[in-house]
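Below is one structure, written out as structure tokens; the observations come after it.
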Amino acid sequence: MSTMDFSTYMAALKQLGADLDESAQRTLSRMNAKGMEITIKNTPVGQYPKGSGKVGGTLRKNWHNGGTRKVGNGHESRYYNNVYYSGYVNNGHRLVNHRHETVGYVEGRRMLEQGQEAAKEAAPAIFNEEIQRVKQKGGW
């Protein structure tokens with residue numbers, strides 16, 4: 161897999177006469193989708209005993225795409241989870257007894273970081289696909 165930083169990618173698109181804003185939007189949207197896909201896949205689902213009336217999966221199904229937008233001279237893309245305990249599952253938390261004493265620690269699952277890493281790893285392939293798309297569109 162070849163490595164390409166963002167400035168090299170933008171220079172290649174500029175040389176091809178591409179609409180840089182459109183290409184940046186498309187690229188970031190695809191990277192966002194890849195990261196979100198992996199994050200959702202790695203989000204744990206609660207296991208409850210039969211007859212408890214509880215159903216797991218609330219955390220997994222509440223990932224939302226925040227979209228891609230232009231901010232100043234750059235672009236940003238984000239996804240998020242609005243479940244109040246998502247930060248505790250992702251980052252970890254302490255365990256407290258009834259006397260409010262810390263009795264342990266639960267390691268975080270780091271599903272958000274795994275998704276971000278997957279998006280970074282997919283970036284060179286996504287960059288190259290966008291360059292190929294621009295070349296085809298321009299008749300290169």
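In terms of our numbering, the sequence shown has 204 at position 44, counting the first letter as 1, and numbering is strictly consecutive. Glycine included, C-beta positions come from ideal geometry on N, C-alpha and C. None of these values were measured; they are calculated from a predicted model.
Per the coordinates, the alpha-carbon of Arg-254 lies some 35 Å from the alpha-carbon of Thr-228. Along the length of the stretch 166 to 244, whole beta strand (DSSP E) runs at least 3 residues long occupy 223 to 231 and 234 to 241, reported in chain order. Taking a C-beta distance under 8 Å as the contact criterion, Glu-236 and Gly-252 do not qualify as a contact pair. The residues Gly-268, Arg-269, Arg-270, Met-271 and Leu-272, in chain order, have a CB closer than 7 Å to that of Asn-250 in the same chain once the five nearest residues on each side in sequence are set aside. Going by C-alpha positions, Leu-173 is about 9 Å away from Lys-295.
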